[in-house]
Amino acid sequence: AQKVTQAQTEISVVEKEDVTLDCVYETRDTTYYLFWYKQPPSGELVFLIRRNSFDEQNEISGRYSWNFQKSTSSFNFTITASQVVDSAVYFCALRNQAGTALIFGKGTTLSVSS
Amino acid sequence: KAGVTQTPRYLIKTRGQQVTLSCSPISGHRSVSWYQQTPGQGLQFLFEYFSETQRNKGNFPGRFSGRQFSNSRSEMNVSTLELGDSALYLCASSGRVSLDRVYEQYFGPGTRLTVT
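Rendered as structure tokens:
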């Protein structure tokens with residue numbers, strides 16, 4: 024069975040702090056895909072990144088970076104120099120090659136105060 | 604390029620009624636998926652349609668159904684509404700052109716359904 028665990032329910036930081044959101048996944052598939060989505064108060068899920076299981080390169084996009092480690096089944100997300108606009112719920116999700124459904128974690132609510 | 608649109612954005616229904624939600628995917632996208640989001644269960648997959656055919660279905664009762672039209676627009680129907688059906692219903696479209704490649708899904712703003 025597939026499962027995504029986001030152990031951090033809520034995180035509060037002050038602007039300009041760095042913050043890491045943890046994601047641990049379980050799957051028996053050798054080929055799978057991992058995603059991060061952001062859900063601001065408006066409710067719409069915003070796609071952030073997709074990572075294939077055969078590509079363990081870390082990725083950086085502006086203040087965002089992702090650390091994918093197959094050895095620990097983790098796909099962590101770091102926001103550098105956080106801003107108030109980063110306040111949202113962040114979801115990690117898993118999808119196998121054959122399936123079409125995204126399996127979501129419970130989400131981590133990030134609150135950034137000024 | 605316009606994003607995924609969902610109508611209506613908000614809906615209030617009474618137990619026992621039925622409801623139809625609509626989703627228009629991003630132009631050119633042929634795959635549409637539906638998800639239910641509740642505080643207790645989180646985000647759960649309902650079903651996916653690709654080229655007017657249901658390709659995958661989540662673990663929901665038969666009261667939940669959907670369809671997709673030739674223009675890729677999709678509708679979701681819930682019959683005999685229950686209080687527990689109150690949720691945010693999210694539609695996602697994907698630029699999927701074949702069954703064996705995985706593409707990211709882009710979500711709409713959702714329809715918030717309240718059942719009283």
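One line per chain: the protein sequences are Y and X, in this order.
Heads up: the first sequence begins at 24 in the working numbering, then just goes up one per residue.
Heads up: the second sequence begins at 604 in the working numbering, then just goes up one per residue.
Just so you know, even glycine gets a beta-carbon here, dropped at the ideal spot from N, CA and C.
Residue burial classification, residue i (beta-carbon count within 10 angstroms, cutoff 16)
i	result
Gln657(X)	exposed
Gly128(Y)	buried
Val635(X)	buried
Ile102(Y)	buried
Cβ-heavy atom distance, residue i to the ligand SAM, below 7 angstroms
i	result
Gly643(X)	Absence of the ligand SAM from the depicted structure is noted, as is the absence of any ligand whatsoever, leaving it without description.
Own chain, CB closer than 8 angstroms to residue i, minus 5 neighbours either side, in chain order
i	result
Leu614(X)	Val622, Leu624, Thr714, Arg715, Leu716, Thr717
Ile126(Y)	Gln25, Lys26, Val27, Ala116, Leu117, Arg118
Gln31(Y)	Leu44, Asp45, Thr131
C-beta neighbour in chain Y for residue i, strict 8 angstroms
i	result
Asn662(X)	no
Gln621(X)	no
Arg670(X)	no
Ser675(X)	no
Gly698(X)	no
Pro712(X)	yes
Tyr613(X)	no
Tyr709(X)	yes
Glu655(X)	no
Phe667(X)	no
Residue-chain proximity (residue i, chain X), Cβ-Cβ < 8 angstroms
i	result
Lys129(Y)	yes
Phe100(Y)	no
Arg86(Y)	no
Phe70(Y)	yes
Arg51(Y)	no
Arg74(Y)	no
Ala124(Y)	yes
Ser65(Y)	yes
Phe58(Y)	yes
Phe114(Y)	yes
From the options, residue whose alpha carbon lies closest to that of residue i
i	options	result
Thr53(Y)	Ser137(Y), Ala124(Y), Lys93(Y), Trp59(Y)	Lys93(Y)
Val607(X)	Tyr706(X), Thr719(X), Leu693(X)	Leu693(X)
Ala124(Y)	Arg676(X), Gln639(X), Phe672(X)	Gln639(X)
Tyr55(Y)	Gly711(X), Pro664(X), Phe672(X), Tyr706(X)	Tyr706(X)
Pro63(Y)	Arg73(Y), Ser110(Y), Glu33(Y)	Ser110(Y)
Gln120(Y)	Arg74(Y), Gly66(Y), Lys61(Y)	Arg74(Y)
Ala690(X)	Glu678(X), Gln609(X), Leu646(X), Phe653(X)	Leu646(X)
Arg612(X)	Glu67(Y), Ser137(Y), Phe114(Y), Phe98(Y)	Glu67(Y)
Unbroken beta strand (DSSP E) run spanning residue i, endpoints
i	result
Thr54(Y)	Run containing Thr54(Y): none; DSSP gives neither H nor E here.
Glu548(X)	The structure shown does not extend to residue 548(X), since chain X is modelled only from 604 to 719, so the question has no answer here.
Gly669(X)	667–671
Phe100(Y)	97–102
Cys46(Y)	Taken as a continuous stretch (DSSP letters only), Cys46(Y) belongs to no beta strand (DSSP E), as it is neither H nor E.
Ala116(Y)	111–119
Lys660(X)	656–660
Other residues of its chain near residue i: CB distance less than 7 angstroms, five sequence neighbours each side excluded
i	result
Lys39(Y)	Ala104, Ser105
Asn81(Y)	Ser88, Trp89, Asn90, Phe91
Lys660(X)	Phe650
Sequence-distant residues of its chain with Cβ nearer than 6 angstroms to residue i (five each side left out)
i	result
Ser76(Y)	Thr54, Tyr55
Thr641(X)	Ala690
Beta carbons nearer than 7 angstroms to chain C: which residues of the region 28–40 of chain Y have them? This model lacks chain C altogether, as its protein chains are Y and X.
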